[in-house]
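J.:
Numbering (the UniProt record's numbering), first residue to last: 1 to 388.
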């Protein structure tokens with residue numbers, strides 16, 4: 001069936017190649033539509049990945065949070081006693097807690113303050129799986145020592161460069177003098193333009209209104225061989241309902257769901273993808289409609305010779321298929337390049353994925369096939385009586 005369909009290939013291909021200018025315009029239009037879809041889907045994925053990158057960097061088998069916790073941008077706390085209660089269950093090896101808050105970081109060069117996300121950790125326990133943090137967290141035992149996220153916004157200052165050159169960087173955080181003792185790379189997200197990690201003691205000094213027994217995230221490490229999902233279900237069933245137990249990935253999905261469905265961001269990117277799809281349909285339809293109109297007498301002659309509408313529809317769909325290939329390839333290559341430029345400029349984790357490429361390719365095929373089906377209405381009007 002497949003090979004039979006492509007026996008008509010020379011006719012469809014030659015019709016496309018006959019008008020090279022029209023073909024170039026069609027390919028450019030499809031390329032633009034594909035690039036628009038690639039960019040929208042790529043930015044959506046990158047922004048969501050950036051938002052949940054800190055969650056996926058946590059060193060834990062299970063995570064304890066407040067049931068009302070939706071995003072790092074507006075954290076909800078719970079009693080640290082709940083975290084300690086988990087130590088009474090077989091399979092739990094150790095626990096540690098995280099404080100999370102938003103503070104004002106002062107750029108020492110411009111003297112301008114900018115909001116930054118602050119993580120308070122126990123410097124004697126592993127809270128993050130990033131080697132840069134684990135290697136330097138012992139330095140946080142002294143008060144007012146911090147680790148700085150060098151992948152954050154440049155408005156915080158050239159902290160990473162200065163620290164690497166001099167080994168020293170001092171500034172103010174919530175109007176208190178702090179010293180940078182190390183850098184790591186996490187990156188900006190919806191919740192914050194940058195991150196700072198400090199000890200739990202320093203955190204409480206920076207946020208004097210915070211209560212020590214109220215924490216935002218509890219990290220649970222299980223004993224070797226313990227089943228994480230089984231332990232999650234057990235803890236969820238027995239702990240009071242003022243906390244919920246999740247895997248680190250489940251915790252990340254809570255954040256992603258908030259930005260995807262709790263805000264207009266998901267709708268905006270979805271609308272952009274739909275616009276690219278519609279633009280492609282319009283462009284391909286105009287090209288195929290013009291092609292059919294120009295060759296209407298020839299199509300009528302073929303019908304007079306006994307060729308059916310289905311045969312001619314097959315030719316038209318082949319033209320749409322060739323247009324899809326010719327437009328998708330440059331769209332893919334150009335989008336790949338734009339991803340690299342965007343990553344270099346913004347540090348957003350935007351990369352081409354096989355899944356996204358397949359998704360856009362399928363949308364391109366649907367777009368071109370749908371346009372060909374619409375243009376078929378003009379082809380059906382080819383009446384042999386009008387020719388002879």
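For glycine and all other residues, C-beta sits at the position ideal for the given N, C-alpha and C. Keep in mind that this is a model prediction, so the values were computed, not measured.
What separation, rounded to the nearest whole angstrom, lies between the Cα atoms of residue 52 and residue 113?
T.: Taking the chain shown and counting its residues from 1, one reaches residue 52 at position 52. Taking the chain shown and counting its residues from 1, one reaches residue 113 at position 113. Roughly 25 Å between the two C-alpha positions.
J.: According to the Cβ coordinates, are residue 182 and residue 116 closer than 8 Å?
T.: Residue mapping note: residue 182 aligns to position 182 of the chain shown, counting from 1. Residue mapping note: residue 116 aligns to position 116 of the chain shown, counting from 1. Not closer than 8 Å, so no.
J.: Check whether the segment 139–148 and the segment 225–235 touch, using three or more Cβ-Cβ pairs below 8 Å as the test.
T.: As far as the Cβ criterion goes, the segment 139–148 does not touch the segment 225–235, which means the pair count is below three.
J.: With distance defined between alpha-carbon atoms, name the residue in 325, 292, 314 nearest to residue 18.
T.: Residue mapping note: residue 18 aligns to position 18 of the chain shown, counting from 1. Here the closest residue by C-alpha is 292.
J.: Since I believe residue 62 is in contact with residue 127 (beta carbons under 8 Å), could you give me their beta-carbon distance rounded to a whole number of angstroms?
T.: The residue given as residue 127 occupies position 127 in the chain shown. The residue given as residue 62 occupies position 62 in the chain shown. At roughly 14 Å, the Cβ-Cβ gap does not stay under 8 Å, so residue 127 and residue 62 are not in contact.
J.: Since residue 254 contacts residue 69 with CB under 8 Å, what's their CB separation in whole angstroms?
T.: Walking along the chain shown from the start, residue 254 turns up at place 254. Walking along the chain shown from the start, residue 69 turns up at place 69. Yes, they are in contact, since the Cβ atoms of residue 254 and residue 69 sit about 7 Å apart, within 8 Å.
J.: In chain order, which continuous runs of the beta strand (DSSP E) of length 3 or greater are located wholly inside the segment 114–176?
T.: For the segment 114–176, whole beta strand (DSSP E) runs of length 3 or above, ordered along the chain, are 145–149, 170–173.
J.: For the alpha helix (DSSP H) containing residue 188, list its first residue and its last residue.
T.: As a position in the chain shown, residue 188 is number 188, starting the count at 1. First-last for residue 188: undefined, no H or E at that position.
J.: Quick one: what's got a C-beta closer than 7 Å to residue 250's C-beta in the same chain, skipping five residues either side?
T.: As a position in the chain shown, residue 250 is number 250, starting the count at 1. Within the same chain, residue 250 has no close Cβ partners at all.
J.: Using 10 angstroms around the beta-carbon of residue 271, count the other beta-carbons present and answer buried if the total reaches 16, otherwise exposed.
T.: Taking the chain shown and counting its residues from 1, one reaches residue 271 at position 271. Exposed, by the Cβ-count rule.
J.: Quick one: any contact between the segment 320–331 and the segment 279–299, if contact means 3 or more CB pairs under 8 Å?
T.: They touch, by the three-pair rule.
J.: Assuming residue 363 contacts residue 37 (C-beta within less than 8 Å), just tell me the rounded distance between them.
T.: Translated into positions along the chain shown, residue 363 becomes position 363. Translated into positions along the chain shown, residue 37 becomes position 37. Contact holds; Cβ gap of about 6 Å.
J.: If we count the other Cβ atoms within 10 Å of its Cβ and call it buried at 16 or more, is residue 12 buried or exposed?
T.: To locate residue 12, count along the chain shown from 1; it is residue 12. Looking at its Cβ environment, which holds 16 or more other Cβ atoms inside 10 Å, residue 12 is buried.
J.: For residue 169 and residue 107, what's the separation of their Cα atoms in angstroms?
T.: Position 169 of the chain shown, counted from the first residue, corresponds to residue 169. Position 107 of the chain shown, counted from the first residue, corresponds to residue 107. Going by the C-alpha atoms only, they are around 11 Å apart.
J.: Could you spell out where the beta strand (DSSP E) holding residue 103 opens and where it closes?
T.: The residue given as residue 103 occupies position 103 in the chain shown. Looking at the DSSP string, the run of the beta strand (DSSP E) that includes residue 103 is 92–106.
J.: Am I right that residue 120 and residue 198 are in contact with their C-beta atoms under 8 Å? What's the rounded C-beta distance?
T.: Mapped onto the chain shown, residue 120 falls at position 120. Mapped onto the chain shown, residue 198 falls at position 198. Correct: roughly 6 Å between the Cβ atoms.
J.: Going by alpha carbons, who is nearest to residue 231 out of 220, 22, 180?
T.: Counting from 1 along the chain shown, the entry for residue 231 is found at position 231. Residue 220 is the option with its Cα nearest to residue 231.
J.: Whole angstroms are fine: how far does the CA of residue 355 sit from the CA of residue 274?
T.: Counting from one through the chain shown, the residue named residue 274 turns up at place 274. Counting from one through the chain shown, the residue named residue 355 turns up at place 355. So the alpha carbons of these two residues sit roughly 18 Å apart.
J.: Look at the Cβ atom of residue 48, then the Cβ atom of residue 259, and state whether they are nearer than 8 Å.
T.: Numbered from 1 along the chain shown, position 48 holds the residue referred to as residue 48. Numbered from 1 along the chain shown, position 259 holds the residue referred to as residue 259. Yes; because the gap between Cβ atoms is below 8 Å, this pair is in contact.
J.: Going by C-alpha distance, which of 294, 236, 302 is nearest residue 89?
T.: Taking the chain shown and counting its residues from 1, one reaches residue 89 at position 89. Comparing Cα positions, the closest option is 236.
J.: Please state whether DSSP places residue 342 in a helix, a strand or coil.
T.: As a first step, residue 342 must be located in the chain shown, where it is residue number 342. Helix.
J.: Would you kindly check if the distance between the Cβ of residue 50 and the Cβ of residue 189 is under 8 Å?
T.: Start at 1 with the first residue of the chain shown, and residue 189 comes out as number 189. Start at 1 with the first residue of the chain shown, and residue 50 comes out as number 50. Their beta carbons are under 8 Å apart, which means residue 189 touches residue 50 by this criterion.
J.: Any idea what DSSP makes of residue 79, helix, strand or coil?
T.: Locating residue 79 in the chain shown gives position 79, where the first residue counts as 1. Residue 79: strand per DSSP, three-state reduction.
J.: Given that a residue counts as buried once 16 or more other Cβ atoms are within 10 Å of its Cβ, and exposed if not, what is residue 15?
T.: As a working mapping, residue 15 is identified with position 15 in the chain shown. It is buried - the Cβ of residue 15 has at least 16 other Cβ atoms within 10 Å.
J.: Could you tell me if residue 96 is buried or exposed, where buried requires 16 or more neighbouring beta carbons within 10 angstroms of its beta carbon?
T.: As a first step, residue 96 is located in the chain shown; it is residue number 96 there, counting from the start. Buried.
J.: Per DSSP, what are the beta-bridge partners of residue 183 in this structure?
T.: Start at 1 with the first residue of the chain shown, and residue 183 comes out as number 183. Partner(s): 148.
J.: Kindly indicate the opening and closing residues of the beta strand (DSSP E) around residue 199.
T.: Counting from one through the chain shown, the residue named residue 199 turns up at place 199. Element bounds for residue 199: 195–199.
J.: Mind reading off the beta-carbon distance from residue 203 to residue 118? Whole number of angstroms is fine, and I expect it under 8 Å.
T.: Taking the chain shown and counting its residues from 1, one reaches residue 203 at position 203. Taking the chain shown and counting its residues from 1, one reaches residue 118 at position 118. Right, the Cβ-Cβ distance comes to about 6 Å (below 8 Å), so this counts as a contact.
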